[in-house]
Structures are given as C-alpha cells and as structure tokens.
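Below is one structure, written out as structure tokens; comments come after it.
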Amino acid sequence: MTPSESPNFLETPPTRLAGYPGDWPGDGEFNLAIHELPHASSTNEWWYVNSHLTTEDGGRFSVFASFFRLVVGADEQSGNPLYAYSVTWGMVDANNQTYLTTSLVDRCAPQVGLKILDSGTSQTDPLLQRALREVLAKDNVPLPDRLLKNNVFVNPQKLELDFDGNQFVKLDDGCYKLKLLREDCKASCEILFKPEKPVIRHGDSGVVQGPTGEGMFYYFIPRCAVTGKITLDNRCLNIKKGRGWYDHEFGKPNQQPAFDGIEQDIAWNWISVQLENGYEISVYDLFDNNKDGQRCGHWAIVIDPKGNWQNYSEFTFQPLKTWTSSRTFTVYPIQWQLEIPDAKLSLSVNADFPAQEFITIISKPAFWEGRVTVTGDLNGMAIAGLGFIERSNFKPVESLKEFLEAVGQETRQAIQTLLPLTPTHRKMQQLVAREDRDRDLEGLDFEQYNRALIQPIRDIIDRGGKSWRSYALLACIDLVGGNSHPFLAWLAVPELLHVGSLIVDDVEDRSQVRRGGLSCHELYGEALAINAGSACYFFGEILLRDSQLSDPEKLKVYEVYFETLRSAHAGQAIDIDGFSQLMPEIVKQGNGELLEKRILAVHRLKSAVPASSLARLGGILGKGTTAQIEGLENYFEALGLAFQIIDDVLNLRGFEKDLKSRGEDISAGKITLPIAKAMSRLTLEERQKLWEVLSSKSTEPYAIAAAIEQLERCGAIQACHQQATELVESAWQQLDALVPDSDVKIRLRAFSWYVLERHY
19 MTPSESPNFL ETPPTRLAGY PGDWPGDGEF NLAIHELPHA SSTNEWWYVN
69 SHLTTEDGGR FSVFASFFRL VVGADEQSGN PLYAYSVTWG MVDANNQTYL
119 TTSLVDRCAP QVGLKILDSG TSQTDPLLQR ALREVLAKDN VPLPDRLLKN
169 NVFVNPQKLE LDFDGNQFVK LDDGCYKLKL LREDCKASCE ILFKPEKPVI
219 RHGDSGVVQG PTGEGMFYYF IPRCAVTGKI TLDNRCLNIK KGRGWYDHEF
269 GKPNQQPAFD GIEQDIAWNW ISVQLENGYE ISVYDLFDNN KDGQRCGHWA
319 IVIDPKGNWQ NYSEFTFQPL KTWTSSRTFT VYPIQWQLEI PDAKLSLSVN
369 ADFPAQEFIT IISKPAFWEG RVTVTGDLNG MAIAGLGFIE RSNFKPVESL
419 KEFLEAVGQE TRQAIQTLLP LTPTHRKMQQ LVAREDRDRD LEGLDFEQYN
469 RALIQPIRDI IDRGGKSWRS YALLACIDLV GGNSHPFLAW LAVPELLHVG
519 SLIVDDVEDR SQVRRGGLSC HELYGEALAI NAGSACYFFG EILLRDSQLS
569 DPEKLKVYEV YFETLRSAHA GQAIDIDGFS QLMPEIVKQG NGELLEKRIL
619 AVHRLKSAVP ASSLARLGGI LGKGTTAQIE GLENYFEALG LAFQIIDDVL
669 NLRGFEKDLK SRGEDISAGK ITLPIAKAMS RLTLEERQKL WEVLSSKSTE
719 PYAIAAAIEQ LERCGAIQAC HQQATELVES AWQQLDALVP DSDVKIRLRA
769 FSWYVLERHY
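In terms of my numbering, the sequence shown opens at residue 19 and continues consecutively.
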C-alpha cells in the first residue's frame with residue numbers, strides 16, 4: 019500500500035465490507051461526525067484515549083481511559099438491546115513511578131455475572147467461581163472494580179458520554195473534553211484533545227477482530243494537542259505540554275464472512291507511539307488462544323508528520339524482558355523490540371516502570387496498560403518518543419492450582435536469585451560476610467561452599483512445593499489495601515523457613531522421601547542436612563537488610579520472625595518427644611480428648627503460628643487496622659491448623675502423585691489427630707490392637723492397611739476433615755466482615771476450600 023494522497027480518504031476494496039452492518043463506514047471519505055457516535059448494530063463498543071503530559075512543575079504524567087458499552091440482553095417487550103456500561107482509566111506518574119487506576123462497572127454486573135456462572139460456560143476454576151458467587155450474591159463486585167452509582171448517559175445524537183461524572187464529550191469546536199475522577203479523590207483530570215491529524219482506519223481497511231473473534235471496526239486519530247489540568251493528592255497541576263491519542267472500536271459477532279465461525283478467544287499486543295519528529299506508529303498483533311496462539315491479525319501503521327500513512331504486514335514485535343505481578347502472578351513483557359524492515363524502522367520499547375497492571379473483572383484476570391519510552395532509528399535517523407502498550411488475555415491463569423503453581427515458580431525464582439548455584443563474589447559477601455569484611459572470604463572455596471550448603475537446600479526447594487505460605491505474606495499486604503509489589507522477593511523467606519524445618523524434621527523422623535524424591539539427609543548425609551536446614555533460617559535477613567523499610571518497621575519484622583522461630587521449635591520439641599507416655603492410660607480409658615489437645619498444640623506451634631505470623635506481618639506492612647490484622651492472624655492460624663489436619667488425613671488416605679508413602683505415620687509410630695479421635699470411638703480391644711500396630715512401628719502392608727480401615731470405619735478420619743472445615747469457616751466469617759471484597763479476597767476464599775479438598 020502506498021501513502022494516501024489525501025489522509026481523509028482511505029482506499030477500500032469494493033467488496034471488503036460486504037456483509038457487515040449497514041451503519042459501518044463504507045468506501046470513500048470517513049465521516050467522523052457520524053461514526054464517533056454509538057452504533058445501533060454494535061454489541062460491543064468502546065471509546066479510548068491516552069495522553070502524555072508535562073506539567074508546569076516538571077511532572078511527567080500519562081493518562082488513559084476507556085468507555086465501554088456492551089449488549090447483555092434484550093428487553094422482553096420491545097426487543098431493544100439492554101446495555102451494560104463500564105469505564106476504566108489510569109494515571110501514570112512517571113517521576114514517582116506510581117500507577118493509579120479506576121474501574122467502574124454497571125450496576126447490573128452482579129446479576130450478569132451470576133447468570134454467566136449459572137450458565138456453566140465460564141472456564142474459571144470452580145472454587146474461584148464459588149468464591150466469586152459469594153461476592154456477586156451480595157449484589158457487589160470485587161475491588162478494585164466498583165459499581166456505578168448513577169444511570170449512565172450516552173447521547174445518540176452527538177458524542178457525549180457521562181459515566182458517574184467521568185465524561186468524554188465532543189465540543190462544538192471539534193475538540194474532545196475528557197473529565198475523570200476517582201472516588202477517593204486521589205486523582206482527577208480535566209483535559210482537552212484538539213485533533214492535529216485526520217482519521218486513520220486500522221486493520222484491514224478498518225476491520226479487526228474483537229476479544230471473542232467478533233468483527234470490529236477500528237479507527238483512530240494518532241495525534242492531538244492536549245491542554246488542561248490534572249489533580250493528584252490534592253495538588254492541582256497545569257499542563258504545560260501534552261499530546262494525545264484517540265480511537266474508537268465497534269462491532270457485532272458472527273456477521274463477518276472472512277472468518278471461519280469458530281468461537282475465538284483473542285489475546286493481543288497493542289502499542290501507540292508518538293515520536294518527537296512528528297511520526298506516529300500503531301501496531302496491533304492478535305492471537306487466538308483456542309488455536310495455540312495462532313496469529314489472527316497483524317497490522318503496523320506508520321504515519322508521517324503530514325498525516326500520510328502506510329500499512330505494513332511484515333514486522334516483528336518481540337518481548338525481551340518480563341515482569342511478574344505480585345497480585346495476579348501474571349507474567350508481562352516490559353521490554354520489546356519492534357522491527358518494520360520495509361519502513362526502515364527499528365524501535366527499542368521500555369516500560370517506564372514495571373508495575374502498570376490494571377486489575378478488573380472486565381479482563382481475566384487483568385491486563386497491562388502502561389507508559390513506555392521508545393528509542394531507535396527511522397530511515398537512518400535517531401528517533402525517540404513515548405507510547406502506551408496494552409497486553410491482554412495471554413495465558414490467563416484459569417485455575418487456583420495453576421495460580422499456586424505460578425506462585426511456586428516465582429518463589430523458586432526468588433530463591434534462585436537469593437541463593438544462586440554459582441554465586442558471584444558480591445553474592446558471597448551477602449551470604450557469608452558483609453561488604454566491609456571481605457577478609458571473611460579469604461581462603462574460602464566458593465565451589466565447596468555451594469556444594470556443602472547451597473546445593474542441599476536448592477535440591478529440596480527446586481523440586482517444587484505448595485508455596486501457599488509465601489503467598490500469604492503478599493496476599494495480606496494487598497488485602498488490607500497495601501502494595502505487595504516491593505516485597506515480591508520476600509516470597510523466598512517463608513519458603514526457606516518451611517524447607518529448613520522440613521530438612522531437619524526429616525532427619526529427626528528418619529523420613530526417606532521429601533517432595534517426590536530422596537530426603538536431604540539421604541542424599542547429603544545427616545550432618546550436612548542439619549547444617550543446611552538450620553542455615554535456611556538466616557538468609558531472609560539479607561532481604562530485610564536491603565529493603566526500604568524504616569528501622570522501626572525492620573524491628574517489627576525481626577520481632578515477628580523470631581517469635582515464629584521460637585514457636586516452631588517449641589512445637590517440634592513436643593512433636594519429637596511424642597505422646598507415647600500418654601497412650602497406656604488413654605487406651606485403657608478410651609478418652610482421646612486430652613490427646614487431641616496435645617496434638618493440636620503441636621500443629622498450632624509448628625504450622626499455624628508461622629502462617630498467622632506471616633499474615634500479621636503482611637497486615638502490618640499493608641498498614642491494616644488492628645482489627646484487620648487480628649482477623650488475618652486468626653484466619654491463617656485456622657488455615658495452618660486445617661492444613662496439618664488434612665495432612666494427617668492424606669497420610670492415611672494417600673497423597674496425589676505418591677509424594678509421601680500412604681500410612682507413613684503409622685509405620686513411624688506417629689500419634690496423629692485421627693488416632694486421638696479414634697481413641698474415643700473404638701472398643702477397648704480395637705484400641706489395644708491399634709496401639710500395638712503403632713507402638714511396634716510395623717511396616718507390614720496388611721497391618722498398616724488394617725489400621726487405616728479401622729480409622730475409616732469408626733469415622734475418625736472423616737471427623738478430622740469436618741473439624742478442619744469448621745475451623746476455616748469460622749475464621750473466614752470473622753475475616754469476611756473486616757476486609758472489603760476484592761480479587762485477592764476471592765482467591766483466599768477459594769484457597770480455604772482448596773486446603774480442605776486438596777489431594778497433595
């Protein structure tokens with residue numbers, strides 16, 4: 019395609035739009051006055067703007083906003099479409115690297131959501147659906163989304179949108195007015211967009227595919243002069259210089275002849291670039307998730323300073339570096355390379371900062387919309403500018419199990435960074451000594467240190483694990499309204515604490531298997547295993563030392579951490595010593611109540627206290643209220659107890675993938691909660707027989723199987739499961755009233771059921 023002689027006239031093949039709605043643009047000149055209005059045929063339509071602003075005080079900001087209209091049904095009497103509305107917008111403070119977002123959804127969203135869940139068409143994890151249903155049943159939506167409070171106004175005669183005071187309006191002079199405001203008053207803006215270039219059609223003469231494969235018409239204005247003001251934290255800032263971008267998409271499903279009719283699930287990368295030399299670039303790359311990421315749209319448009327444009331189909335838009343969200347654990351590219359050979363264009367694209375994730379139920383579970391800085395060359399000349407990238411719907415985490423696996427993967431990455439297998443001199447200073455005591459490393463064989471200390475730890479950690487303890491810390495920060503992103507590396511701390519205890523515990527219990535492989539002491543010997551397990555407790559201090567926390571905050575972390583260690587070692591001491599001395603009398607009397615209390619005390623100290631301590635720490639770092647922190651502590655204490663109770667149950671019923679031997683506790687002579695409950699349910703003869711198997715530490719398969727069958731028959735195992743359920747449900751009811759409904763809260767609610775229903 020050659021540049022158009024007239025920027026307002028975009029040549030369209032005569033048959034390209036055949037079969038599409040009659041209110042779509044046809045061949046010839048584009049009538050903006052008509053097509054910027056709502057389209058009657060459209061079932062999915064949105065208006066989008068972004069801008070890059072410099073304020074008089076030297077601030078560097080970017081703002082973006084989308085106003086959505088979606089058909090969700092039809093009026094029973096008139097048959098007219100029923101619409102749902104939403105608006106999403108964000109403000110980027112490049113100097114301070116902050117990202118504020120607002121998402122308002124239609125008041126019918128809870129009912130629409132429940133209908134979708136009832137239809138059985140949702141692909142989301144059943145436990146997450148169940149947790150979301152609880153929120154929607156309250157006629158609410160999870161934060162960060164909020165419900166619109168008032169009726170939306172959409173003028174059919176002129177472009178005039180008003181969504182709870184968030185407005186996008188076409189003025190008589192041809193400018194566009196954008197007004198945005200947050201409910202918490204932290205940010206707002208009133209800015210004008212004055213188009214400086216004509217309309218351009220994207221895609222194939224304006225036709226692209228929408229999120230579900232529907233045909234969409236897409237046009238945009240690539241450059242506008244921007245004036246006005248923004249308000250941030252009660253500071254009114256006048257715009258000294260600004261440039262903006264405007265686009266509009268509208269469409270209808272299943273009417274396009276060019277597509278094969280198969281239901282699609284579309285992911286996309288999109289970028290708008292405004293260069294200092296007056297050029298603009300837009301790239302739109304679409305992929306069908308239902309066809310293994312097969313490309314289903316691939317367009318790059320370069321616009322020159324006069325508004326002439328050229329469309330390119332041969333280009334690469336390649337991610338180079340990624341960032342993981344601490345909230346959704348979605349992986350996003352934050353550095354790209356764009357190459358359009360025929361345009362002689364090469365661009366390096368870098369996010370101004372990584373944490374520009376937009377969380378909303380409109381997407382699944384979020385998307386990345388962020389300010390980027392671009393540098394490179396065009397026609398042999400150095401170029402620079404600013405842009406926005408939107409990346410959405412790539413490999414969404416559909417199940418809670420996948421989410422926890424993503425947490426585990428990021429946890430292992432954090433540990434690999436903290437404890438590399440080939441540490442540098444600088445890393446050895448961190449791990450062994452300190453920067454001003456380099457002599458402590460004199461004569462130290464780094465390879466031997468790695469083999470004798472790091473390798474035994476990494477061997478167990480790298481096999482994978484549940485990692486829910488690691489997530490607890492970050493989740494609690496977010497749950498009370500804090501920001502977990504600065505603490506992503508801290509995922510390593512709970513996992514090291516846990517794995518250190520496992521390594522030592524396996525030595526003490528003579529356990530041969532851990533996480534599907536030989537235990538640490540079986541591989542490296544008891545002496546090295548004990549030393550490695552103990553060392554795990556101290557590496558987390560490196561992260562605390564390098565954090566941006568104040569000294570009082572660091573002191574609080576130290577206090578919580580060492581309280582946890584003391585409790586865990588107290589529980590371990592009792593667990594090692596055991597309860598054999600109580601058994602003769604308990605077998606004789608048939609009353610296991612005291613034994614139950616003793617066992618639960620061990621579970622509480624070894625597992626529940628560490629979990630509740632992490633929750634407490636998260637609540638403190640997230641600046642939660644006293645009541646919220648107490649609620650988090652109680653909930654995670656209940657989860658920790660329930661986890662260990664279910665562990666006792668699974669030891670008897672069998673773990674998924676045979677991660678532990680079935681009945682291992684019986685062959686080890688371990689007195690667990692099901693045994694305690696059985697003591698109050700069995701006859702004297704049955705109690706004596708069960709205790710005989712335990713005390714002899716029988717490894718005979720038939721004896722172990724008979725003991726398990728006895729525990730099942732008397733209902734002891736099921737009673738344990740019921741107790742775990744009641745513990746978690748009671749603690750949840752308390753927490754539910756203390757923290758607002760949010761995406762994080764939904765995952766925690768689902769996780770409570772996951773703990774109770776797990777098989778690993």
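Glycine included, each C-beta is placed from N, C-alpha and C at the ideal position.
Predicted, not measured: the structure shown is a model, and the values here were computed from it.
**Prompt:** Using the beta-carbon count (16 or more within 10 Å), is Y38 buried or exposed?
**Reply:** For this step, residue 38 is matched to residue 20 along the sequence shown. Its Cβ being crowded by 16 or more others within 10 Å, Y38 is buried.
**Request:** Give me the Cβ distance between L562 and E614, rounded to the nearest whole Å; I'm assuming they're in contact under 8 Å.
**Result:** Along the sequence shown, one-based indexing puts residue 562 at 544. Along the sequence shown, one-based indexing puts residue 614 at 596. With a Cβ gap of about 38 Å, L562 and E614 do not count as contacting.
**Prompt:** Does the distance from the C-beta atom of L515 to that of Y542 stay below 9 Å?
**Reply:** The residue you call residue 515 lines up with position 497 of the sequence shown. The residue you call residue 542 lines up with position 524 of the sequence shown. Not closer than 9 Å, so no.
**Prompt:** First and last residue of the alpha helix (DSSP H) that includes Y302?
**Reply:** Translated into the one-based positions of the sequence shown, residue 302 becomes position 284. Unbroken run through Y302 is the beta strand (DSSP E), 298-306; no alpha helix (DSSP H).
**Prompt:** Under three-state DSSP, which class holds V349?
**Reply:** Residue 349 sits at position 331 when you count from the first residue of the sequence shown. Strand at V349.
**Neighbourhood of S343 by C-beta, 6 Å cutoff - its chain only, sequence neighbours within 5 removed** = As a working note, residue 343 is residue 325 in the sequence shown. Closer than 6 Å at the Cβ level, and outside the excluded window around S343, lie E375.
**Item:** Alpha carbon of P216 to alpha carbon of D143, nearest angstrom
**Value:** Against the sequence shown, residue 216 aligns to sequence position 198. Against the sequence shown, residue 143 aligns to sequence position 125. If I take the Cα positions, the gap works out to 46 Å.
**Assigned secondary structure, C494 (DSSP; H/G/I helix, E/B strand, else coil)** = As a working mapping, residue 494 is identified with position 476 in the sequence shown. C494: helix per DSSP, three-state reduction.
**Request:** Would you please state the rounded distance, in angstroms, between the beta carbons of A749 and N652? I believe it to be under 8 Å.
**Result:** Taking the sequence shown and counting its residues from 1, the one referred to as residue 749 is at position 731. Taking the sequence shown and counting its residues from 1, the one referred to as residue 652 is at position 634. Right, the Cβ-Cβ distance comes to about 5 Å (below 8 Å), so this counts as a contact.
**Item:** CA nearest to the CA of G534, picked from P504, A550, G483
**Value:** Position 516 of the sequence shown, counted from the first residue, corresponds to residue 534. It is G483 whose Cα lies nearest to the Cα of G534.
**Item:** Unbroken beta strand (DSSP E) run spanning F385, endpoints
**Value:** For the purposes of this step, residue 385 is taken as the residue at position 367 of the sequence shown. In the DSSP annotation of this structure, the continuous segment of the beta strand (DSSP E) that includes F385 starts and ends at 384-396.
**Prompt:** By the 10 Å Cβ neighbour count, where 16 or more other Cβ atoms means buried, how is G192 classified, buried or exposed?
**Reply:** Mapped onto the sequence shown, residue 192 falls at position 174. It counts as exposed.
**Request:** Grab the span of the beta strand (DSSP E) containing R256 for me, first residue to last.
**Result:** Translated into the one-based positions of the sequence shown, residue 256 becomes position 238. Just to set this straight, residue 256 is Asn in the shown sequence, not Arg. Unbroken beta strand (DSSP E) run through N256: 253-270.
**Asked** What three-state label does DSSP hand C207 in the structure shown?
**Response** On the sequence shown, residue 207 is found 189 positions in, with the first residue counted as 1. DSSP places C207 within a strand segment (E or B) once states are collapsed to three.
**Per-residue DSSP class, three states only, for F769** = The count along the sequence shown starts at 1 and reaches residue 769 at position 751. Three-state DSSP puts F769 in a helix.
**Request:** Identify which residue in D523, G687, P337, I379 has its Cα closest to the Cα of W288.
**Result:** The sequence position of residue 288 within the sequence shown is 270, counting from 1. That would be P337, whose Cα lies nearest to the Cα of W288.
**Asked** Pairing CB atoms from the stretch 591-601 with CB atoms from the stretch 634-645, are three or more of them under 8 Å?
**Response** Under the Cβ criterion (8 Å, minimum of three pairs), the stretch 591-601 does not count as touching the stretch 634-645.
**Message:** Can you look up H503 in the DSSP assignment and give me helix, strand or coil?
**Reply:** The sequence position of residue 503 within the sequence shown is 485, counting from 1. When secondary structure is reduced to three states using DSSP, H503 falls in the helix class.
**Request:** Specify the secondary structure class of D336 as computed by DSSP and reduced to three states.
**Result:** On the sequence shown, position 318 is the one that residue 336 refers to. Checking the sequence shown, residue 336 turns out to be Gln, not Asp. It is a strand residue.
**Distance between beta carbons of I401 and L293, contact taken as under 8 Å** = Sequence index remark: in the sequence shown, residue 293 carries index 275 (1-based). Sequence index remark: in the sequence shown, residue 401 carries index 383 (1-based). Going by Cβ atoms, the distance from L293 to I401 rounds to 5 Å, so yes, they are a contact pair.
**Prompt:** Where does A369 sit, in a helix, a strand or coil, going by DSSP?
**Reply:** In the sequence shown, the residue the question calls residue 369 occupies position 351. DSSP places A369 in strand when its eight states are reduced to three.
**Prompt:** For F557, does the three-state DSSP call read helix, strand or coil?
**Reply:** If you number the sequence shown from 1, residue 557 lands on position 539. DSSP places F557 in coil when its eight states are reduced to three.
**Message:** Under 8 Å, with one C-beta from each stretch per pair, do the stretch 53-60 and the stretch 72-85 reach the 3-pair mark?
**Reply:** Counting Cβ pairs under 8 Å, fewer than three are found: no touch.
**Message:** With a threshold of 8 Å, are at least 3 pairs of Cβ atoms found where one atom belongs to the stretch 446-453 and the other to the stretch 518-531?
**Reply:** At 8 Å Cβ cutoff, the stretches do not touch.
**Request:** Would you mind stating whether G658 and R622 have Cβ atoms separated by less than 9 Å?
**Result:** Working through the sequence shown from its first residue, we reach residue 658 at position 640. Working through the sequence shown from its first residue, we reach residue 622 at position 604. Yes, Cβ-Cβ distance for G658 and R622 is below 9 Å.
**Prompt:** Hey, is L623 close to the ligand MG, as in C-beta under 8 Å from one of its heavy atoms?
**Reply:** Of ligands this structure carries none, so the ligand MG is not represented either.
**Item:** Assigned secondary structure, F48 (DSSP; H/G/I helix, E/B strand, else coil)
**Value:** Here residue 48 refers to the residue found at position 30 when the sequence shown is read from its first residue. Correct three-state label for F48: coil.
**Request:** Given a cut-off of 9 Å, decide if A493 and G687 are closer than it, judged by their beta-carbon atoms.
**Result:** Position 669 of the sequence shown, counted from the first residue, corresponds to residue 687. Position 475 of the sequence shown, counted from the first residue, corresponds to residue 493. No, the Cβ-Cβ distance between G687 and A493 is not below 9 Å.
**Message:** Cutting at 7 Å between CB atoms, please list the residues of its own chain near H539, excluding the five before and the five after it.
**Reply:** Indexing the sequence shown from 1 puts residue 539 at position 521. Setting aside the 5 residues that flank it on each side, H539 is surrounded in the same chain by D524, V525, A547, each with a C-beta closer than 7 Å to its C-beta; the list follows chain order.
**Asked** Which of helix, strand or coil does DSSP assign to Y38?
**Response** To locate residue 38, count along the sequence shown from 1; it is residue 20. Note: Y38 maps to coil in three-state DSSP.
**Item:** Burial state of I764, where buried means 16 or more other Cβ atoms lie within 10 Å
**Value:** Along the sequence shown, read from residue 1 onward, the residue named residue 764 stands at position 746. Buried, by the Cβ-count rule.
**Prompt:** Is the beta carbon of F371 less than 9 Å from the beta carbon of I248?
**Reply:** Here residue 371 corresponds to residue number 353 of the sequence shown, with the count starting at 1. Here residue 248 corresponds to residue number 230 of the sequence shown, with the count starting at 1. No. Outside cutoff.
**Asked** Where does Y576 land, buried or exposed, given buried means 16+ other C-beta within 10 angstroms?
**Response** Taking the first residue of the sequence shown as position 1, residue 576 is located at position 558. Classified as exposed, Y576 has fewer than 16 neighbouring CB atoms from the shown chains inside 10 Å of its CB.
**Item:** When R345, T334, L745, A373 are compared against P359, the one with the closest alpha-carbon
**Value:** The sequence position of residue 359 within the sequence shown is 341, counting from 1. Ranking the options by Cα distance to P359, first place goes to T334.
**Item:** Under the three-state DSSP convention, the category D666 falls into
**Value:** The residue given as residue 666 occupies position 648 in the sequence shown. Three-state DSSP puts D666 in a helix.
**Message:** Let me make sure I understand the geometry here. Which of S714, E682, C732 has the alpha-carbon closest to that of L700?
**Reply:** One-based indexing of the sequence shown puts residue 700 at position 682. Residue C732 is the option with its Cα nearest to L700.
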